[in-house]
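S.K.: Counting in our numbering, the sequence shown runs from 2 upward without gaps. Positions of the beta carbon are idealized from the N, C-alpha and C atoms, including for glycine.
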Amino acid sequence: MSSTSTYSGIVFPQIEIGADPSAVKAFAEGVEDLGFDGLMIYDHVVGADLRHRPHWSGWYDIKDMFHEIFVVMGYMAALTKRIRLVSGIVILPQRQTTLVAKQAAEVDVLSYGRLTLGIGVGWNDVEFAALNENFNNRGKRCEEQIEVMRLLWTCESVEFDGKYHHLPEVGIKPLPVQRPIPIYIGGHSDVVLQRAARMGDGWFPMDTAAVCAPMVEKLAYFCEEVGRDYSQFDVPCTIQLAGKDMAWVEGEIRAWKQLGTSSFYLDTMNAGCQGVEAHLKTAAIFKELIDA
């Protein structure tokens, strides 16, 4: 990938941390003190009420708590000095593009250039309906959204006339520190992998090394098709601890390394950690495995 050094990250366990700002603060400061390179934050705006949805099969619902992603990253930017803030992932097409560009630029400014914007098209049609956006054309719109955001991050004034966006000579201020902010794309379908190869600075796989191995091979092929050097393409994996143990995590790290990955995140949600200290203790063990 883009670096031979090992990159260690941790997922913010927000559905278990709760709404107490002091807990958010303790976790953000704790993982930076442990020496992690990245702090990944998941995104949902609303959850579906399941009382009249007996066949719901989504991962999250109205009972699961999610901090608003840009606000909490702004808060974390003030609490930390070094760790990278990573959205994993912002559901881009359910949002107004220019507003996302503005919010991301602001987080990047407040963090002195520490934002990585992970984006994806999402799976929750209920959330799209609540935000008054079209679920059915989200993939096509997403590509134009990426183009528009990069223009807004790098140009003082933007005039753009596309299929979904019309910008009449406008600009955002302040511009971000990073011009442009790196965009990582999440998702597992072939069309997403092709989009990542064409337009992304990296790809977020969200499954095991065994499941993702064929996708990694496809991504390398798609990069070659568009003339990109896959060895310079970042693929940070996220390892889900739920239902597993640290011995399995250690094996998963080895498996991902065999696929060429040198960036690792651990998700400690639904793994039995009770409170901030338990999450940080598990994170510390993971950091030792990564550094070994």
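1) Need the endpoints of the alpha helix (DSSP H) that R255 sits in, please.
2) Using only the alpha-carbon positions, how far apart do P22 and L290 sit?
3) Straight-line CA distance for H45 to F205?
4) The beta strand (DSSP E) spanning F265 covers which residue range?
5) Is it buried or exposed, A197, if we count other Cβ atoms within 10 angstroms and call 16 or more buried?
6) Inspect the CB distances between the segment 124-139 and the segment 174-185 and report whether three or more fall short of 8 Å.
7) Figure out for me which residue from P183, L51, V122 has the closest Cα to the Cα of A102.
8) Just verifying my parser: in three-state terms, what is the DSSP assignment at Y76?
9) Verify whether the separation of the beta carbon atoms of W257 and A210 is less than 9 Å.
10) Between which two residues does the alpha helix (DSSP H) carrying Y222 extend?
11) Taking 8 Å as the threshold, find out whether the segment 186-197 comes into contact with the segment 215-229 through three or more Cβ pairs.
12) For the beta strand (DSSP E) containing D109, list its first residue and its last residue.
13) Which residue's Cα is closest to the Cα of Y266: F28, G39, G276?
14) With P169 as the anchor, note down where its beta strand (DSSP E) starts and where it stops.
15) I need the boundaries of the alpha helix (DSSP H) containing S23, first residue and last residue.
16) Taking just the CA atoms, how far does V277 sit from M66?
17) Between A29, V12, T7, which lies nearest to M207 when the distance is taken from Cα to Cα?
18) What are the residues that DSSP puts in a beta bridge with L93?
19) Counting only the same chain and skipping the five closest in sequence on each side, list residues whose C-beta sits under 6 Å from that of I90.
20) Looking at C-alpha atoms only, which residue of H280, F287, M270 is the closest neighbour of W60?
21) State buried or exposed for N137, treating a residue as buried only when at least 16 other CB atoms are found within 10 Å of its CB.
22) Tell me, please, which residues DSSP counts as bridged to F129.
23) In terms of alpha-carbon separation, which member of R52, A105, R199, T262 lies closest to F223?
24) Alpha carbon to alpha carbon, how far is Y165 from K141?
25) In whole angstroms, give me the CA-to-CA distance for E134 and L93.
26) With distances taken Cα to Cα, identify the nearest neighbour of V72 among G244, R83, G228, A105.
27) For V212, which of E226, E225, I240 has the nearest alpha-carbon?
28) Assign D235 to one of three DSSP states: helix, strand, or coil.
M.R.: In short:
1) On the sequence shown, residue 255 is found 254 positions in, with the first residue counted as 1. Counting along the chain, the unbroken alpha helix (DSSP H) around R255 starts and ends at 247-259.
2) Start at 1 with the first residue of the sequence shown, and residue 22 comes out as number 21. Start at 1 with the first residue of the sequence shown, and residue 290 comes out as number 289. Here the C-alpha atom of P22 lies approximately 30 Å from the C-alpha atom of L290.
3) Looking up residue 45 in the sequence shown gives position 44. Looking up residue 205 in the sequence shown gives position 204. Cα-Cα distance, rounded: 17 Å.
4) As a first step, residue 265 is located in the sequence shown; it is residue number 264 there, counting from the start. Under the DSSP assignment, F265 falls in the beta strand (DSSP E) whose first and last residues are 264-268.
5) Here residue 197 corresponds to residue number 196 of the sequence shown, with the count starting at 1. Around the beta carbon of A197, 16 or more other beta carbons sit within 10 angstroms, so the residue counts as buried.
6) Put simply, the segment 124-139 does not touch the segment 174-185. Fewer than three CB pairs are less than 8 Å apart.
7) Position 101 of the sequence shown, counted from the first residue, corresponds to residue 102. Residue P183 is the option with its Cα nearest to A102.
8) The residue labelled residue 76 in the question sits at position 75 within the sequence shown. Per DSSP, reduced to three states, the secondary structure at Y76 is helical.
9) Residue 257 sits at position 256 when you count from the first residue of the sequence shown. Residue 210 sits at position 209 when you count from the first residue of the sequence shown. It is a contact, given that the beta carbons lie within the stated cut-off.
10) Numbered from its first residue, the sequence shown carries residue 222 at position 221. Element bounds for Y222: 210-226.
11) With a cut-off of 8 Å, the segment 215-229 and the segment 186-197 count as touching, because enough Cβ pairs lie within range.
12) Counted from its first residue, the sequence shown places residue 109 at position 108. D109: not part of any beta strand (DSSP E); member of the alpha helix (DSSP H) spanning 98-111, first to last residue.
13) For the purposes of this step, residue 266 is identified with residue 265 of the sequence shown, where counting begins at 1. Closest option to Y266, judged by alpha-carbon separation, among F28, G39, G276: G39.
14) Numbered from its first residue, the sequence shown carries residue 169 at position 168. Here the beta strand (DSSP E) through P169 covers 167-171.
15) As a first step, residue 23 must be located in the sequence shown, where it is residue number 22. Per DSSP, S23 belongs to the alpha helix (DSSP H) from 22-34.
16) The count along the sequence shown starts at 1 and reaches residue 66 at position 65. The count along the sequence shown starts at 1 and reaches residue 277 at position 276. Taking the straight line from one Cα to the other gives about 16 Å.
17) In the sequence shown, the residue the question calls residue 207 occupies position 206. Closest option to M207, judged by alpha-carbon separation, among A29, V12, T7: V12.
18) Here the question's residue 93 lines up with position 92 in the sequence shown. According to DSSP, residue pairing for L93 in a beta bridge does not occur.
19) Position 89 of the sequence shown, counted from the first residue, corresponds to residue 90. The beta carbon of I90 sits closer than 6 Å to those of G119, I120, G121, G187, all from its chain and outside the five residues before and after it, given in chain order.
20) For the purposes of this step, residue 60 is taken as residue 59 along the sequence shown, with counting starting at 1. Ranking the options by Cα distance to W60, first place goes to M270.
21) One-based indexing of the sequence shown puts residue 137 at position 136. By the 16-neighbour rule on beta-carbons within 10 angstroms, N137 is exposed.
22) Stepping through the sequence shown from its first residue, residue 129 is reached at position 128. According to DSSP, F129 bridges with nothing at all.
23) Within the sequence shown, the letter at position 222 stands for residue 223. When each option's Cα is compared against that of F223, the closest is R199.
24) Working through the sequence shown from its first residue, we reach residue 165 at position 164. Working through the sequence shown from its first residue, we reach residue 141 at position 140. If you take the alpha carbons of Y165 and K141, they lie about 9 Å apart.
25) The residue given as residue 134 occupies position 133 in the sequence shown. The residue given as residue 93 occupies position 92 in the sequence shown. The C-alpha of E134 lies about 11 Å from the C-alpha of L93.
26) One-based indexing of the sequence shown puts residue 72 at position 71. That would be A105, whose Cα lies nearest to the Cα of V72.
27) Counted from its first residue, the sequence shown places residue 212 at position 211. Out of E226, E225, I240, I240 has the C-alpha closest to the C-alpha of V212.
28) For this step, residue 235 is matched to residue 234 along the sequence shown. Note: D235 maps to strand in three-state DSSP.
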